[in-house]
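Quick notes on the structure that follows.
Residue numbers (the numbering used here): 186 to 586.
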């Protein structure tokens, strides 16, 4: 899903929530006041808090979908996590406030507590239905667009439904003659709100600490990595979340004698595969290995030493040069070299062979190499300069293909 589409869906869900919260807060406050229900009034205050969380959700969605810039090269996805933390904090504070206020009513003699009416009960039941509808709608949108703040807002709706349920139970108890049930229900409402707020806040804090994907999601990610042709194995796969965005770091193992460009192409294929198959993966950093270096082995760089020994032989043999840079392969605790010599036309084959043997001896004895391959350059072909290459046909005649 495109960022613009997910942004619109997030705005729509937040707008629907805000309009519903205004209507519910007003309706429950009026019904709670006229119906003598402190639990319903507490529930109305919870709905008022929903307006604050709706605003936070709206702003965090807006900021999170802003394109990366010089100061935020990884984007602004963490804005949703910060917004989620704000929602959790607000909900927790309101829950504690309700409990503090209602304990005063609970300590009052039952005769001083006015009995609630059927109006209060009807409002509480209506609130449960509306809030459950909002919960399922907002949660579906949040999961579809991968928005932390929208999902947090959905669970806030669920906490509203639970608090309305507690209020309804308290009102029913009070209508049956147990007037203390109403303030007790209000305290239960406060506990439910506090629990939900703490849960939302804790999830946000975990994501601010760059929590990785779940084991199930991580298995899906590694399966995508291993499906790319050329990947022998993978290790050290790490993930972190920034709002709806996911960033992946991984080591992949390829054949040890691949060219740097081919190995890079495999790494880019892994990166494209991850981004195409998971819309929430914003980017991936792929490290190329020729072996499983999970233990972090380090090699001593041999290039300067090898090139110095090769150049010593070349300087002693005028007319002999390198057709291409020396290629060095590292594997386990060993090193190998590939050298392509380019002799001049007046240099005899015997001189070239003698120089090659001298290079081999020096590199084996003094360079510490375990394998040395020396080739003699026999020509070079480039498509843009020479056209199609000459090939041998089955009959042995030269031809073009």
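The beta carbon of each residue, even a glycine, is placed where N, CA and C say it ideally should be.
Closest Cα partner of residue i within the set the options
i: residue 233; options: 472, 461, 205; result: 205
i: residue 262; options: 213, 384, 535, 334; result: 334
i: residue 523; options: 529, 509, 531; result: 509
i: residue 490; options: 463, 377, 548; result: 548
i: residue 345; options: 268, 473, 210, 391; result: 210
i: residue 246; options: 255, 260, 256; result: 260
i: residue 394; options: 386, 372, 400; result: 386
i: residue 432; options: 532, 470, 226; result: 470
i: residue 525; options: 561, 501, 242; result: 561
i: residue 531; options: 308, 541, 502; result: 502
i: residue 277; options: 378, 544, 462, 372; result: 378
i: residue 249; options: 428, 541, 477; result: 428
i: residue 542; options: 529, 495, 515; result: 495
i: residue 381; options: 370, 413, 415, 343; result: 343
i: residue 352; options: 448, 215, 229, 493; result: 229
i: residue 194; options: 216, 222, 325, 370; result: 325
i: residue 166; options: 515, 413, 309, 538; result: Residue coverage of the chain in this structure runs from 186 to 586, which leaves residue 166 outside it and unanswerable.
i: residue 180; options: 430, 504, 417; result: The requested residue 180 does not occur in the structure, where the chain is confined to residues 186 to 586.
i: residue 267; options: 279, 254, 366, 243; result: 243
i: residue 414; options: 449, 466, 400, 507; result: 449
i: residue 468; options: 406, 240, 215, 348; result: 406
i: residue 241; options: 216, 215, 273; result: 273
i: residue 217; options: 461, 301, 279; result: 301
i: residue 372; options: 207, 538, 227, 534; result: 227
Residue i (DSSP reduced to helix, strand or coil)
i: residue 252; result: coil
i: residue 588; result: With the chain represented from 186 up to 586, any question about residue 588 goes unanswered, as that position is not in the structure.
i: residue 206; result: helix
i: residue 420; result: strand
i: residue 395; result: coil
i: residue 454; result: helix
i: residue 580; result: Note that residue 580 scores a pLDDT of 42, beneath 50, so its modelled location is shaky; the value from the coordinates is reported in the next line. Coil at residue 580, not helix or strand.
i: residue 532; result: coil
i: residue 413; result: coil
i: residue 319; result: helix
i: residue 507; result: strand
i: residue 512; result: strand
i: residue 235; result: helix
i: residue 338; result: helix
i: residue 349; result: helix
i: residue 281; result: helix
i: residue 588; result: Nothing can be reported for residue 588: it is not among the residues displayed for the chain, which extend from 186 to 586.
i: residue 301; result: coil
i: residue 554; result: coil
i: residue 364; result: coil
Any C-beta of chain D under 8 Å from that of residue i
i: residue 351; result: Included in the structure is just one protein chain, with no chain D present.
Cα-Cα separation, residue i to residue j
i: residue 238; j: residue 271; result: 8 Å
i: residue 423; j: residue 404; result: 11 Å
i: residue 435; j: residue 444; result: 20 Å
i: residue 364; j: residue 374; result: 16 Å
i: residue 390; j: residue 451; result: 36 Å
i: residue 322; j: residue 339; result: 8 Å
i: residue 441; j: residue 475; result: 5 Å
i: residue 256; j: residue 426; result: 19 Å
i: residue 513; j: residue 557; result: 9 Å
i: residue 220; j: residue 359; result: 12 Å
i: residue 383; j: residue 487; result: 57 Å
i: residue 438; j: residue 519; result: 17 Å
i: residue 213; j: residue 337; result: 23 Å
i: residue 388; j: residue 318; result: 24 Å
i: residue 311; j: residue 200; result: 20 Å
i: residue 540; j: residue 551; result: 16 Å
i: residue 328; j: residue 420; result: 29 Å
i: residue 296; j: residue 350; result: Bear in mind that the predicted position of residue 296 carries a pLDDT of just 48, short of 50, making it unreliable; the figure below should be weighed with that in mind. Going from the Cα of residue 296 to the Cα of residue 350 covers about 25 Å.
i: residue 555; j: residue 544; result: 13 Å
i: residue 521; j: residue 392; result: 45 Å
i: residue 316; j: residue 235; result: 11 Å
i: residue 357; j: residue 307; result: 11 Å
i: residue 154; j: residue 330; result: The chain is shown from 186 up to 586; residue 154 falls before or after that span and cannot be answered.
i: residue 198; j: residue 251; result: 19 Å
i: residue 191; j: residue 269; result: 17 Å
i: residue 527; j: residue 515; result: 25 Å
i: residue 412; j: residue 465; result: 19 Å
i: residue 397; j: residue 463; result: 15 Å
i: residue 280; j: residue 376; result: 6 Å
i: residue 265; j: residue 313; result: 27 Å
Beta bridge counterpart(s) of residue i as assigned by DSSP
i: residue 518; result: Looking at the DSSP assignment, residue 518 forms no beta bridge with any residue, so it has no partner.
i: residue 307; result: DSSP, once it has assigned bridges, lists no residue as partnering residue 307.
i: residue 470; result: 434
i: residue 427; result: 430
i: residue 525; result: 560
Three or more C-beta pairs under 8 Å: does that hold for the region 276 to 290 against the region 454 to 465? For the pair of segments examined, the region 276 to 290 was found not to touch the region 454 to 465: the number of CB pairs separated by less than 8 Å stays below three.
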